[in-house]
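Every letter in the sequence shown is one number past the one before it in the numbering used here, and letter 556, counting from 1, is 556. Don't be surprised by glycine CBs; every beta carbon is placed ideally from N, CA and C. Each remark here refers to the structure printed beneath this line.
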Amino acid sequence: MQRPTGVIPETPGSYQFKDGAGRVIYVGKANNLRARINSYFAKVESLHPRTSNMVESAQSVEWIEVRNEVEALILEHSLINRYSPRFNIRLRDDKSYPFLAVTIDEQWPRAMVMRGRKRKGTRYFGPYPHPWAIHETLDLLLKTFPIRTCSAATFKQHERLGRPCLLFHIEKCSGPCVGSVTPESYGNLVSDFLQVMDGESDAVVARLEKQMADSSRLQDFERAAKYRDQLEAIKLALERQQMVGERDEDLDIIGIAEDEFEAAVQIFYVRKGRVVGRKGFIVDKVEDVTSSGLAALVVERLYDDAPILGLPKIVVLPFEPERKELLEQWLTQTRSTKVEIRVPLRGDKRELHELVTQNAKQELNRHRLRRAADHTARSRALSELQDLLGLPEAPLRIECYDMAHLQGTDYVGSMVVLEDGLPLKRDYRRFKIKSGQGNDDYAAMREVLTRRLTAYIKERDQPISERGDRPGKFSYAPQLLVVDGGKGQLSVAEQVVRELGLEHEIPVASLAKKLEEVFIPGRSEPVEVPRGSDALFMLQVIRDEAHRFANRFHRELRGKRMTKSELDGIAGLGPARMKKLVAAFGGVKQVKNASREQLSELKWLPKNTADAVYAQFHSAPNIQP
């Protein structure tokens, strides 16, 4: 793409990059259009790979001037919603959440469970994480506030018949369809229902308590019991809305968990001090963005359309977003009252925010697992890998290798396997590094690959008559061998494969952590594996699994080394006897200083084992004349 001709204005505005077909592929905003647009035409090497990819895909750029940054922000939102550019970050609902809705614009308002877009003339409560949670809440409140839940067609049918439905007979509907309740009384029921759902239940509870007391004083115990049951139902419904703050607090608490290419966002909605709902999104990080930039974009996308529960007074984030003052100005302008963005450092809000963030981390893990388990996605990933890496066939068996150590000690390697895109844990292998060359990842990688591929060649060339009934540990060759690292690790893998004469049988590749770049032999530049693609996701999964497996083995070895006892290796003294012996004397030092007679007094300790323990610490040194 060529630098745009003409004079770019130095004013606030929004800009749009378009491809050759005239489609908008990226929308941005800037306080200074000239400076921002010119930044995209610097040297390609200075641009982030994702930004460079966007610029290379674009054929033209256009811009629209506005008066200030807030207007630029609003215009950007409008254009993103209109064009859905593929290089802009998007919030994708990780599920469709249900809401409790009340149709207040109808003559006889109806309570129901709704999903999807907001409708005018309807009050919403939630979202709820599970449908059963909203149905339980509604069922409890109908005992106290029996408003209708039937559809318009059902209501008209019973109105025409003059007979109420079953809900009327079980006292979960006041029967407006047959005139069993006046419009005024029904309106009061709806008003009380909305008050309780808003968290303003004190007046309703106080009135019911007074009515219960009055009925009890008049010895109308049946009516008093009814009021008691209604109070209990309200109490149970309110318990489902956890109290987490002061009564006048309206908060949206946002937790974010991210990796290089995706993020999970969880929002807890707090109204009148109660958690009234929660919602989650998966963010596809299609553009280069920092954590602070991601927080700003989440706020922008979350509130660019009128939220069902309205804007809160306070938005709580894990870290301060970019352009915080601008975002606060925009939110305040939208709400018509002051909105603050805060990062909690201590206290109850900090604890609650940690809970929300933990929910986000769990959701990101679940998302990765769901994606890995999807058969269609796995098949697509294998096909993409074949095409992108130039493989002769789809790599149904992929092996990945990684190293782990601590300053050259307890050096280990790992081999993990994906077969048809799924982990094949019975084929996982781990290696203790034997070369002892210190902190040298290249030498360790060479040793592990040589041992694994040499074993494969030995088993491959073994006569059929000499093979057992079961295949050996390394009987199968990978259709793609992946090493964790960059060009250096790839070079080692390439050399080992070539030295063993397997360069035409086993393709190799490497995946670098920093920029998630994929390298293959014969290319100085990384392979352009689309970010967010199933192919890159599969490589990330197997790389992370190899890293986890290597680190676990390393920790095991380090733990054993650090817990090694001076009593190890004594004949007849196993772990159980060792533990019992140390307990009997009160420590290893006391065992070392124990006499032969003291050891022999232990009836459960065989004499020859007692002699061996004593000899371990008291034998005279063998001095040569």
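Just curious, the beta strand (DSSP E) that Glu510 is in, first and last residue?
The residue you call residue 510 lines up with position 510 of the sequence shown. Note that residue 510 corresponds to Ser in the displayed sequence, not to Glu. Membership of Ser510 in the beta strand (DSSP E) is indicated by the continuous run Val508 to Leu511.
Does DSSP put Gln157 in a helix, a strand or coil?
Position 157 of the sequence shown holds residue 157. Helix at Gln157.
Could you check how far apart the C-beta atoms of Phe519 and Pro526 are, in whole angstroms? I think they sit under 8 Å.
Residue mapping note: residue 519 aligns to position 519 of the sequence shown, counting from 1. Residue mapping note: residue 526 aligns to position 526 of the sequence shown, counting from 1. Phe519 to Pro526, Cβ: 5 Å. Contact.
Can you check DSSP and say which residues form a bridge with Phe268?
As a working note, residue 268 is residue 268 in the sequence shown. Phe268 is bridged to Ile253 and Arg278.
With 16 as the cutoff for other CB atoms within 10 Å, does Glu421 come out buried or exposed?
Locating residue 421 in the sequence shown gives position 421, counting from the first residue. Reading the sequence as shown, one finds Gly at residue 421 and not Glu. So Gly421 counts as buried.
Taking the beta strand (DSSP E) that Ser414 falls in, what are its first and last residues?
Within the sequence shown, residue 414 is the residue found at index 414, counting from 1. Its beta strand (DSSP E) spans residues Thr409 to Glu419.
Let me confirm a value: Gly359 is counted as buried when at least 16 other C-beta atoms fall within 10 Å, else exposed. Which label applies?
Position 359 of the sequence shown, counting from 1, holds the residue named residue 359. Correcting the residue identity first, residue 359 is Asn in this sequence and not Gly. Buried is the call here.
Give me whichever residues DSSP pairs with Arg397 in a beta bridge.
Counted from its first residue, the sequence shown places residue 397 at position 397. Per DSSP, Glu419.
Can you tell me the Cβ-Cβ gap for His353 and Ile253, rounded? I've got them flagged as a contact below 8 Å.
Locating residue 353 in the sequence shown gives position 353, where the first residue counts as 1. Locating residue 253 in the sequence shown gives position 253, where the first residue counts as 1. With a contact defined as Cβ atoms closer than 8 Å, His353 and Ile253 qualify at about 6 Å.
Residues in the same chain with beta-carbon distance under 8 Å from Asp94, minus the five sequence neighbours each way, listed in chain order, please.
Walking along the sequence shown from the start, residue 94 turns up at place 94. With a pLDDT of 48 at Asp94, under the threshold of 50, the predicted position of this residue should be treated as unreliable, and no value is reported.
Report whether the distance from the Cβ of Asn439 to the nearest heavy atom of the ligand ATP is below 7 Å.
Ligands in the displayed structure: none, and consequently the ligand ATP is not present.
For Leu231, name the three-state secondary structure that DSSP assigns.
For this step, residue 231 is matched to residue 231 along the sequence shown. The answer is helix: DSSP assigns Leu231 an H, G or I state.
Is DSSP giving Trp604 helix, strand or coil here?
Along the sequence shown, one-based indexing puts residue 604 at 604. In this structure, Trp604 counts as coil in the three-state DSSP scheme.
Whose C-alpha, out of Pro318, Pro575, Val61 and Ile89, is nearest the C-alpha of Thr357?
Residue numbering aside, residue 357 sits at position 357 when the sequence shown is read from its first letter. Checked all of Pro318, Pro575, Val61 and Ile89; the closest Cα to Thr357 is Pro318.
Nearest CA to the CA of Thr337: which residue from Leu355, Met578 and Ile314?
Looking up residue 337 in the sequence shown gives position 337. The shortest Cα separation from Thr337 among Leu355, Met578 and Ile314 belongs to Ile314.
On the DSSP bridge assignment, give the partners of Glu65 in chain order.
In the sequence shown, residue 65 corresponds to position 65, counting from 1. According to DSSP, which records beta bridges pairwise, Glu65 is partnered with Gly13.
Starting from the N-terminal side, write out each stretch of the alpha helix (DSSP H) that is 4 residues or longer and does not extend beyond the segment 300-375.
If we require 4 residues or more, the alpha helix (DSSP H) runs fully inside the segment 300-375 come out as 324-335 and 347-373.
Suppose you measure from the CA of Asp534 to the CA of Phe261; what does that come to, to the nearest Å?
Taking the sequence shown and counting its residues from 1, one reaches residue 534 at position 534. Taking the sequence shown and counting its residues from 1, one reaches residue 261 at position 261. So the two alpha carbons sit approximately 12 Å from each other.
How many angstroms separate the CA atom of Asn38 from the CA atom of Asp387?
In the sequence shown, residue 38 corresponds to position 38, counting from 1. In the sequence shown, residue 387 corresponds to position 387, counting from 1. So the alpha carbons of these two residues sit roughly 35 Å apart.
Going by CA-CA distance only, name the one from Asp19, Glu69, Glu419 and Val339 that's closest to Asn53.
For this step, residue 53 is matched to residue 53 along the sequence shown. If we check each option's Cα against that of Asn53, Asp19 comes out closest.
Candidates Trp108, Gln230 and Gln157: which alpha carbon is nearest Pro176's?
For this step, residue 176 is matched to residue 176 along the sequence shown. Cα-wise, what sits closest to Pro176 is Trp108.
Assuming Arg278 and Gln266 make a contact with CB atoms under 8 Å, what is their CB distance in whole Å?
Taking the first residue of the sequence shown as position 1, residue 278 is located at position 278. Taking the first residue of the sequence shown as position 1, residue 266 is located at position 266. Yes, Arg278 and Gln266 are in contact; Cβ-Cβ is about 7 Å, under 8 Å.
What's the call for Ala42, buried or exposed, on a 16-neighbour Cβ count within 10 Å?
Residue 42 sits at position 42 when you count from the first residue of the sequence shown. Classification of Ala42: exposed, given that the 10 Å Cβ count is below 16.
In the DSSP assignment, find the alpha helix (DSSP H) that holds Tyr442 and state where it starts and stops.
On the sequence shown, position 442 is the one that residue 442 refers to. Tyr442 -> alpha helix (DSSP H) spans Asp441 to Arg460.
Select from Tyr476, Arg86, Asp484 and Asp139 the residue whose C-alpha is nearest the C-alpha of Ser414.
Mapped onto the sequence shown, residue 414 falls at position 414. Ranking Tyr476, Arg86, Asp484 and Asp139 by Cα distance to Ser414 puts Asp484 first.
Excluding the 5 residues preceding and the 5 following Ile64 in the sequence, name in chain order all residues of the same chain whose CB lies nearer than 7 Å to its CB.
Walking along the sequence shown from the start, residue 64 turns up at place 64. Only Gly13, Ser14 and Leu75 meet the Cβ criterion.
Ends of the beta strand (DSSP E) at Arg123?
The residue given as residue 123 occupies position 123 in the sequence shown. Here the beta strand (DSSP E) through Arg123 covers Arg123 to Phe125.
Taking Pro507 and Leu480 to be in contact with their CB atoms under 8 Å, please state how far apart those CB atoms are, rounded to whole angstroms.
The residue you call residue 507 lines up with position 507 of the sequence shown. The residue you call residue 480 lines up with position 480 of the sequence shown. Going by Cβ atoms, the distance from Pro507 to Leu480 rounds to 5 Å, so yes, they are a contact pair.
Decide if Asn622 is buried, meaning its Cβ has at least 16 other Cβ atoms within 10 Å, or exposed.
On the sequence shown, residue 622 is found 622 positions in, with the first residue counted as 1. Note that Asn622 has pLDDT 41, beneath the 50 cutoff, so the model's placement of it is unreliable and no number is given.
Cβ atoms of Ala404 and Asn551: under 8 Å apart, would you say?
Within the sequence shown, numbered from 1, the residue matching residue 551 stands at position 551. Within the sequence shown, numbered from 1, the residue matching residue 404 stands at position 404. Contact flag set, yes.
Which residue marks the beginning of the alpha helix (DSSP H) containing Asp202, and which one marks its end?
For the purposes of this step, residue 202 is taken as residue 202 along the sequence shown, with counting starting at 1. Start and end: Asp202 to Arg217.
For Ala224, which residues from the same chain have a beta carbon less than 7 Å from its beta carbon, with the 5 sequence-adjacent residues on both sides left out?
Here the question's residue 224 lines up with position 224 in the sequence shown. Within the same chain, Ala224 has close Cβ partners Met212, Ser215 and Ser216.
Of the residues Thr290, Arg323 and Val448, which one's Cα is nearest the Cα of Val631?
Look at the range of the chain in this structure, 1 to 625, and you will see that residue 631 is not part of it.
Helix, strand or coil for Tyr686? Go by DSSP, reduced to three states.
Given a span of 1 to 625 for the chain in the structure shown, any question on residue 686 remains unanswerable.
Return the first residue and the last residue of the alpha helix (DSSP H) that Lys143 is part of.
For the purposes of this step, residue 143 is taken as residue 143 along the sequence shown, with counting starting at 1. If you look at Lys143, you'll find it isn't in any alpha helix (DSSP H); DSSP assigns it neither H nor E.
What did DSSP end up calling Lys592 once you bin it into helix, strand or coil?
What you label residue 592 is simply residue 592 of the sequence shown in a count that begins at 1. Lys592 falls in the helix class under three-state DSSP.
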